[in-house]
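Residue numbers (the numbering used here), protein chains in the order written: chain A, 1 to 347; chain B, 348 to 587. We put the beta carbon where it would ideally sit given N, CA and C, even for glycine. Here the structure is a predicted model, which is why all the values come from computation and not from measurement.
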Amino acid sequence: MRTKALVSRICQQMLRDKRTLGLLFVAPLLILTLMYFIFNGNAVDPKLGVVNVSKSLAEALEKNDINVIEYEKDDNQIIISDNLDGLLLVEDSKLKLTLQNSDPSKAKALQMKINQAVVTQAQVKNVAAPALKAPSIDVSYLYGDSETTFFDVLSPILVGFFVFFFVFLISGIGLLRERTTGTLERLMATPIHRKEVVFGYLIGYGIFAVVQTVIVVLYSVNVLDITLVGSIWNVMLINLLLALVALSLGIFLSTFAASEFQMIQFIPIVIVPQVFFAGIFPLEGMADWLRGIGKIMPIYYGADALKGLMYKGLSLSDISKDIFVLLTFAIIFIVLNIVTLKKYRKL
Amino acid sequence: MENTIIVDKVSKTLGKKMVLKDINLSMEKGQIYGLIGPSGAGKTTLVKMIVGMEKADTGSIQVLDKKVPNLQLLNDIGYMAQADALYTELTGRENLKFFASLFKMNKTEQKQRIAYASELVNLTEELNKRVSAYSGGMKRRLSLAIALIQNPKILILDEPTVGIDPELSFSIWNELFRLKNEEEKTILVTTHVMGEAEKCDHLAMVREGCILTKGTPKELKEHYKVDSLEDVFLKAGGIK
């Protein structure tokens with residue numbers, strides 16, 4: 001009954017605060033859309049300068065989507081002045097490649113393409129040995145297909161992360177304001193139970209977290225066309241679990257902040273490290289102790305579950321461990337919240 | 348006369364500082380009890396302990412024959428904190444309604460109490476305005492209305508008239524007199540304004556966590572053979 005009063009009050013307050021609502025509902029969509037366009041941009045053909053290269057090799061290079069420009073003499077300055085990705089020089093029938101390498105991944109890709117071109121050209125020239133012709137490899141994909149981009153793998157993690165981040169921020173600051181203005185203390189001078197307070201906040205902010213989750217998931221799947229192999233309901237469920245963890249964590253951490261500014265300081269300490277363990281960067285190569293740290297981060301489990309559901313098409317039972325851990329996190333934080341309210345009333 | 352609040356040998360340490368030392372007080376039904384003292388004397392801590400928000404290190408507090416802290420007891424205590432703890436995004440009416448719904452009250456009762464409490468502090472006209480548009484005095488009045496919302500037997504008001512103009516302060520005191528006389532409420536008021544001390548039935552002067560002296564204003568003045576309560580305070584505290 002009192003919980004209901006608390007929930008309706010939080011809803012009233014939130015609905016009055018249009019800007020916070022905007023941050024909660026529109027900001028994640030904006031960022032996801034931006035990321036979508038950034039990662040799905042068409043790759044630009046690398047620019048390669050060639051000096052003293054045979055015509056057949058130049059053709060082979062061009063076939064491999066390389067923009068070939070011929071130069072008279074070899075001079076590394078032209079790489080800079082003409083903004084070339086690399087310069088290929090043939091000297092005494094030996095190949096010499098200089099890469100700009102301001103973007104290592106681009107440089108590696110170019111190097112691979114040149115290698116391929118050189119090999120093909122050598123085979124064409126070597127008509128005497130047709131057996132050497134490269135066998136075509138029939139590639140099949142366990143997850144996704146040849147059209148899969150990095151964004152498809154990244155997007156489940158991003159969806160989960162934004163739900164977590166915005167819910168954390170808004171619930172944490174919302175409760176902090178109650179602490180600093182004294183309304184929480186005033187509330188504790190009424191016969192309300194501590195658990196009624198905690199559940200009131202969880203449900204009140206939870207309603208907005210649910211709406212946000214639904215909007216973000218529907219938008220990513222329908223508008224941004226993010227790969228969704230599994231069921232959309234399962235995706236919602238995991239995101240809601242993540243939101244619940246974020247909510248209870250935000251409320252809990254607001255206990256240790258004396259101002260909004262101090263609450264923001266939790267972002268680099270609590271939120272940013274979670275990004276590193278979310279699966280955007282490969283975890284396999286990390287040192288054992290580092291992976292151990294990852295295992296105490298809620299987003300690690302949320303991202304793993306979401307990637308499994310959205311990209312790999314796993315079922316709920318496949319990710320039951322993730323669900324269990326997330327639930328445990330939520331329960332721990334909720335209990336801690338009920339206990340820390342003793343700061344305001346010893347009963 | 349029956350005692351409604353009994354503070355028995357209460358001490359409290361916050362951090363390393365002893366904020367209250369061996370406090371004994373008893374308040375009666377139908378009485379305005381004043382806690383007078385400078386800021387930092389420990390008045391607010393004592394008030395919070397009576398409400399049950401802080402716990403005494405030693406000693407005990409009884410309110411309406413129940414030992415504090417007691418959750419049910421909070422139904423009978425109307426508390427007005429020193430700072431206006433209001434939801435500024437909401438209107439005055441929504442604030443009152445929220446606090447009313449934390450107590451056991453049906454819809455009609457709730458409406459009546461909101462009408463009564465807002466009438467009392469002269470806010471009926473402003474109830475539909477958001478609190479963010481209220482003046483300091485209006486916020487103070489709304490806080491008082493919230494303290495009265497559940498018709499509590501005991502009213503605990505921490506510096507109720509700070510930042511309120513003399514006219515309104517006068518009308519609030521008149522209402523406190525009425526609540527005391529007609530409804531026999533126990534009213535505990537903290538203040539550092541000596542002029543208000545005169546209006547209390549009973550006084551306790553507090554400084555640095557100790558009670559310097561207590562009694563009715565008349566008794567105190569007679570005992571220390573002075574004309575004003577200021578002098579009582581100085582004499583009881585300073586020249587010891």
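Query                                                                                                           : Result
Chain B contacts from the stretch 77 to 107 of chain A (Cβ-Cβ distance under 7 Å)                               : none
DSSP three-state assignment for G49(A), whether helix, strand or coil                                           : strand
Classification of G285(A) by the beta-carbon crowding that lies within 10 angstroms, buried from 16 upward      : exposed
Distance, V339(A) Cα to L443(B) Cα                                                                              : 28 Å
Within chain B, the residues that Q12(A) reaches when beta carbons sit closer than 8 Å                          : E436, L437, E441
Contact set for Y141(A): own chain, Cβ-Cβ below 8 Å, skip 5 residues either direction                           : T148
Short CB-CB distance (under 9 Å) between K476(B) and chain A                                                    : no
A131(A) (DSSP reduced to helix, strand or coil)                                                                 : With a pLDDT of 49 at A131(A), under the threshold of 50, the modelled position of this residue cannot be trusted, and the question is left open.
Residue environment, K587(B), which counts as buried when at least 16 other CB atoms sit within 10 Å            : Residue confidence for K587(B) is low, a pLDDT of 46 falling below 50, so the modelled location carries little weight; the figure read from the coordinates is stated next. K587(B) should be labelled exposed.
Top-ranked residue by Cα proximity to Y219(A), from I238(A), V159(A), V275(A)                                   : V159(A)
Buried/exposed call for A131(A), threshold 16 Cβ in 10 Å                                                        : Here the model assigns A131(A) a pLDDT of 49, short of 50, so the residue's position is not dependable and the matter cannot be decided.
Residue of L418(B), E506(B), E577(B) minimising C-alpha distance to L187(A)                                     : L418(B)
Inter-residue Cα distance where the pair is N115(A) and L88(A)                                                  : 11 Å
Listed by chain order, chain B residues near D17(A) by CB distance under 7 Å                                    : E436
V478(B) classed as buried or exposed, judged by whether at least 16 other C-beta atoms fall within 10 angstroms : buried
Local conformation of G562(B) per DSSP, three classes                                                           : strand
Straight-line gap, E450(B) to T190(A) (C-alpha atoms, nearest Å)                                                : The identity of residue 450(B) in the sequence shown is Phe, whereas the question assumes Glu. Roughly 8 Å between the two C-alpha positions.
Under the three-state DSSP convention, the category Y141(A) falls into                                          : coil
Extent of the continuous beta strand (DSSP E) run through N76(A)                                                : Taken as a continuous stretch (DSSP letters only), N76(A) belongs to no beta strand (DSSP E), being part of the alpha helix (DSSP H) at 76 to 81.
Length of the line joining the Cα atoms of R345(A) and D318(A)                                                  : 44 Å
P268(A) versus Q274(A): straight-line alpha-carbon distance, rounded                                            : 10 Å
Closest residue to G86(A) among S56(A), P104(A), K47(A) (Cα-Cα distance)                                        : K47(A)
Proximity winner among E514(B), L393(B), T351(B), relative to S358(B) (alpha-carbon distances)                  : L393(B)
Anticipated Cβ contact below 8 Å, T98(A) with I78(A), distance rounded                                          : Going by Cβ atoms, the distance from T98(A) to I78(A) rounds to 10 Å, so no, they are not a contact pair.
Residue burial classification, N76(A) (beta-carbon count within 10 angstroms, cutoff 16)                        : exposed
Closer than 9 Å to chain A by CB, M400(B)                                                                       : yes
Per-residue contacts from Q419(B) into chain A (C-beta, under 9 Å)                                              : P191
Straight-line Cα distance separating R554(B) from H570(B)                                                       : 19 Å
is_contact[T181(A), chain B] using C-beta, thresh 9 Å                                                           : yes
Cα-Cα separation between L6(A) and I251(A), rounded to whole angstroms                                          : 15 Å
Contact set between A5(A) and chain B, taken where Cβ atoms lie within less than 7 Å                            : F445, S448, L449
Nearest-angstrom Cβ-Cβ length linking K476(B) and T438(B), presumed shorter than 8 Å                            : 6 Å
Buried or exposed by the 16-neighbour rule on C-beta atoms within 10 Å, applied to S146(A)                      : exposed
DSSP bridge partner residues for E375(B) (one or two, in chain order)                                           : N350(B)
Y205(A) to M297(A) span [Cα, whole Å]                                                                           : 22 Å
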